[in-house]
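Remarks on the structure that follows.
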Amino acid sequence: MAAAPPFPSEPPACWHCGQPTAESHFCPSCRRLQPPGGDYFSYLGLPQKLGIDLPEMEQRFHSLSRRLHPDVFFQRVETERQLSVEAAAFLNDAYRTLKNPLTRAEYLLALHGIRKNDPRISGAPLELLEEVFELKTTLDQIRDGDETAQPQLVQAREKIQKLLAEADRALDEGFANWDATGQRQTLERIAAVLTRRAFLRKLLEDSGVEPR
Amino acid sequence: MAEPEKPLDHHNSPRNVGSLDREDPQVGTGTVGARECGDVMRLQLKVNEETGIIEDVKFKSFGCGSAIASSSVASEWIKGKTLDEAMALDKTEILNELSLPPAKIHCTLLTEEAIRAAVQDYKAKRAGRRASSPTKR
């Protein structure tokens with residue numbers, strides 16, 4: 301999910317005519333396609349907000365897709381044909397990442413250097429881990445039991461679903477807060493909720509219920 | 058002549074699965090988690106106060122067989138070692154022992170973290186006792 305390298309500090313220049321491109325998809329001077337770069341938000345012409353106007357994004361995606369499609373470039377020189385393949389791939393990655401709110405949030409966190417470390421070993425709070433551990437232990441015990449344990453299983457699943465719903469609400473709040481204030485600590489809060497949600501979701505899967 | 062440990066062995070018959078009494082002042086408890094796969098692991102060690110040697114190790118891990126195998130290997134190794142030696146255990150040693158597929162390499166990191174958390178918990182408990190203050194959980 302890494303972004304392409306950011307544009308260098310000097311204004312980027314067109315590979316064909318040398319004029320400044322102002323980070324456009326196509327050179328303003330000679331109209332040649334430029335290599336994809338920058339972040340997914342700007343490539344789709346969107347602000348770095350977590351609340352996205354999905355229909356607008358779809359429209360931008362489709363419009364850009366048509367302009368970047370490799371077939372459009374079949375008569376151009378090799379360089380530009382190759383660039384169209386890269387650009388289309390980058391556009392698809394951008395769209396897929398930003399369309400889903402969870403991957404959108406994770407991507408924004410990465411852009412701001414949060415959770416740069418191995419994402420698989422989390423800095424999850426001890427209380428969360430202990431809670432998950434106890435829930436898993438309970439689930440195991442219930443599963444090893446007989447049918448009389450079924451109500452307990454249902455109860456445990458309901459508890460997990462409730463915790464998941466709370467996490468979703470916290471995420472919604474976090475998104476709105478980020479869009480309104482742009483504060484880094486909001487991102488850190490979102491990171492914590494995403495971690496919590498990931499554990500809870502997995503817990504729900506393990507307990508045999510389709511997570512929402 | 059001992060046969061080299063096979064990965065299958067640690068997967069199918071993991072060593073040292075279980076738990077110790079976390080209230081026991083000689084026991085350190087570490088609980089760690091991996092966000093992507095949602096695995097949580099608890100590892101506990103019982104330390105001889107006088108010698109500082111790890112006498113017993115128990116762990117409980119949910120889900121991933123590779124995490125269980127990693128901890129099975131590591132728990133055998135750190136028995137009889139000092140706390141410092143246990144802290145120095147590097148995940149690459151576990152990796153070499155088990156030949157895990159690349160997707161499961163992070164499981165060895167989980168084991169390494171669990172051991173360190175357990176050692177730190179033990180040290181904190183001990184420091185708390187020496188200062189005659191209630192241990193913070």
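Protein chains in written order, with this note's numbering: chain A, 301 to 512; chain B, 58 to 194.
Cβ atoms here follow ideal geometry from the backbone N, Cα and C, with glycine treated the same way.
No experiment lies behind these values; they were computed from the predicted model shown.
Rounded straight-line distance, which links the Cα of A:Ala467 to that of A:Pro336: Working through the first sequence from its first residue, we reach residue 336 of chain A at position 36. Working through the first sequence from its first residue, we reach residue 467 of chain A at position 167. Taking the straight line joining both Cα atoms gives about 35 Å.
Extent of the continuous alpha helix (DSSP H) to which A:Ala470 belongs: Taking the first sequence and counting its residues from 1, the one referred to as residue 470 of chain A is at position 170. Run containing A:Ala470: Gln450 to Thr481, per the alpha helix (DSSP H) assignment.
Within chain A, the residues that B:Thr88 reaches when beta carbons sit closer than 7 Å: Indexing the second sequence from 1 puts residue 88 of chain B at position 31. By Cβ distance, chain A contributes Leu426, Leu429, Glu430 and Phe433.
Nearest candidate by alpha-carbon position, reference A:Arg496, set A:Arg484, A:Pro425 and A:Thr403: For the purposes of this step, residue 496 of chain A is identified with residue 196 of the first sequence, where counting begins at 1. Nearest C-alpha to A:Arg496: A:Pro425.
Proximity test, Cβ basis, 8 Å: B:Arg99 and chain A: As a position in the second sequence, residue 99 of chain B is number 42, starting the count at 1. Taking Cβ atoms only, chain A reaches closer than 8 Å to B:Arg99, which makes this a yes.
B:Arg85 vs B:Asp178 beta-carbon contact at 8 Å: Start at 1 with the first residue of the second sequence, and residue 85 of chain B comes out as number 28. Start at 1 with the first residue of the second sequence, and residue 178 of chain B comes out as number 121. The question names Arg, but residue 85 of chain B in the sequence shown is Gly. It is a contact, given that the beta carbons lie within the stated cut-off.
Euclidean distance between Cα positions of A:Gly482 and B:Asp147: On the first sequence, residue 482 of chain A is found 182 positions in, with the first residue counted as 1. On the second sequence, residue 147 of chain B is found 90 positions in, with the first residue counted as 1. So the alpha carbons of these two residues sit roughly 40 Å apart.
Within 9 Å of chain A by C-beta, residues of the stretch 107-131 of chain B in sequence order: Lys117, Phe119 and Gly120
B:Gly120 versus B:Leu102, B:Lys103, B:His68 and B:Ala184, residue with shortest Cα-Cα distance: By one-based count along the second sequence, residue 120 of chain B stands at place 63. It is B:His68.
Chain E contacts made by the stretch 393-407 of chain A, where a contact means CB separation under 7 Å: In the displayed structure, chain E is absent; the protein chains listed are A and B.
A:Phe433: first and last residue of the uninterrupted alpha helix (DSSP H) it sits in: Locating residue 433 of chain A in the first sequence gives position 133, where the first residue counts as 1. Counting along the chain, the alpha helix (DSSP H) containing A:Phe433 begins and ends at Leu426 to Asp444.
Option in B:Arg187, B:Ile125 and B:Ile135 with minimal Cα separation from B:Val104: For the purposes of this step, residue 104 of chain B is taken as the residue at position 47 of the second sequence. Looking at the Cα atoms, B:Ile135 is the closest of the given residues.
Members of the stretch 493-506 of chain A near chain B, C-beta cut-off 9 Å: Leu494, Thr495, Ala498, Phe499, Leu500, Arg501, Lys502, Leu503, Glu505 and Asp506
Bounding residues of the alpha helix (DSSP H) (the contiguous stretch that carries B:Ile111): Counting from 1 along the second sequence, the entry for residue 111 of chain B is found at position 54. That residue, B:Ile111, is in no alpha helix (DSSP H); its beta strand (DSSP E) goes Ile111 to Ser118.
Cβ pair B:Asn73, B:Ser156 closer than 8 Å: Reading the second sequence from its first residue, position 16 is the one you call residue 73 of chain B. Reading the second sequence from its first residue, position 99 is the one you call residue 156 of chain B. Their beta carbons are not under 8 Å apart, which means B:Asn73 does not touch B:Ser156 by this criterion.
Whether B:Ala181 touches B:Leu100 by CB criterion (8 Å): The residue labelled residue 181 of chain B in the question sits at position 124 within the second sequence. The residue labelled residue 100 of chain B in the question sits at position 43 within the second sequence. No.
Cβ separation of A:Ser384 and A:Leu368, assumed to be a contact under 8 Å, to the nearest whole Å: For this step, residue 384 of chain A is matched to residue 84 along the first sequence. For this step, residue 368 of chain A is matched to residue 68 along the first sequence. Right, the Cβ-Cβ distance comes to about 6 Å (below 8 Å), so this counts as a contact.
Cα-Cα separation, A:Phe361 to B:Thr139: Along the first sequence, one-based indexing puts residue 361 of chain A at 61. Along the second sequence, one-based indexing puts residue 139 of chain B at 82. Looking at the two C-alpha atoms, the distance is approximately 59 Å.
Where A:Val377 falls: helix, strand or coil (DSSP): In the first sequence, residue 377 of chain A corresponds to position 77, counting from 1. Three-state DSSP puts A:Val377 in coil, outside helix and strand.
Where the beta strand (DSSP E) through B:Thr88 begins and ends: The residue you call residue 88 of chain B lines up with position 31 of the second sequence. First-last of the beta strand (DSSP E) with B:Thr88: Val84 to Ala91.
Residue(s) in a DSSP beta bridge with A:Phe390: As a first step, residue 390 of chain A must be located in the first sequence, where it is residue number 90. Note: A:Phe390 sits in no beta bridge, so no partner.
Neighbourhood of A:Pro347 by C-beta distance below 8 Å, restricted to the same chain and skipping five residues each side: One-based indexing of the first sequence puts residue 347 of chain A at position 47. Cβ within range, chain order: Phe341.
Segment contact flag, the stretch 460-478 of chain A with the stretch 498-507 of chain A, C-beta cutoff 8 Å, min 3 pairs: Short answer: they touch.
Identity of the residues DSSP links to A:Leu333 by a beta bridge: As a working note, residue 333 of chain A is residue 33 in the first sequence. A:Leu333 pairs with A:Phe326.
Chain-ordered chain B contacts of A:Lys436 [CB-CB under 7 Å]: Within the first sequence, residue 436 of chain A is the residue found at index 136, counting from 1. Here the neighbours are Val97 and Phe119.
Of the residues A:Gly474, A:Asp479, A:Arg469 and A:Leu453, the one placed nearest A:Asp589, counting alpha carbons only: Since the first residue shown for chain A is 301 and the last is 512, residue 589 of chain A is missing from the structure and cannot be characterised.
Exposure label - A:Gly474; buried when at least 16 CB within 10 Å: As a first step, residue 474 of chain A must be located in the first sequence, where it is residue number 174. Result: buried.
Closer than 8 Å to chain A by CB, B:Arg92: Reading the second sequence from its first residue, position 35 is the one you call residue 92 of chain B. With 8 Å as the cut-off, B:Arg92 counts as an interface residue toward chain A.
Own chain partners of A:Leu494 with C-beta closer than 8 Å, once the 5 adjacent residues on each side are dropped: As a working mapping, residue 494 of chain A is identified with position 194 in the first sequence. Contacts found: Leu402, Ala405, Glu406, Leu409 and Leu471.
Residues bridged to A:Ala313 (per DSSP): Indexing the first sequence from 1 puts residue 313 of chain A at position 13. Its beta-bridge partners are A:Pro320.
The alpha helix (DSSP H) enclosing A:Leu504, as first and last residue numbers: What you label residue 504 of chain A is simply residue 204 of the first sequence in a count that begins at 1. Arg484 to Asp506 is the span of the alpha helix (DSSP H), which, as asked, contains A:Leu504.
Nearest to A:Gly338 (by Cα), restricted to the options A:Leu391, A:Thr379, A:Val372 and A:Phe433: Mapped onto the first sequence, residue 338 of chain A falls at position 38. It is A:Leu391.
Beta-carbon separation (whole angstroms), B:Glu106 vs B:Gln83, contact threshold 8 Å: Within the second sequence, the letter at position 49 stands for residue 106 of chain B. Within the second sequence, the letter at position 26 stands for residue 83 of chain B. The pair is a contact, with the Cβ atoms about 6 Å apart (cut-off 8 Å).
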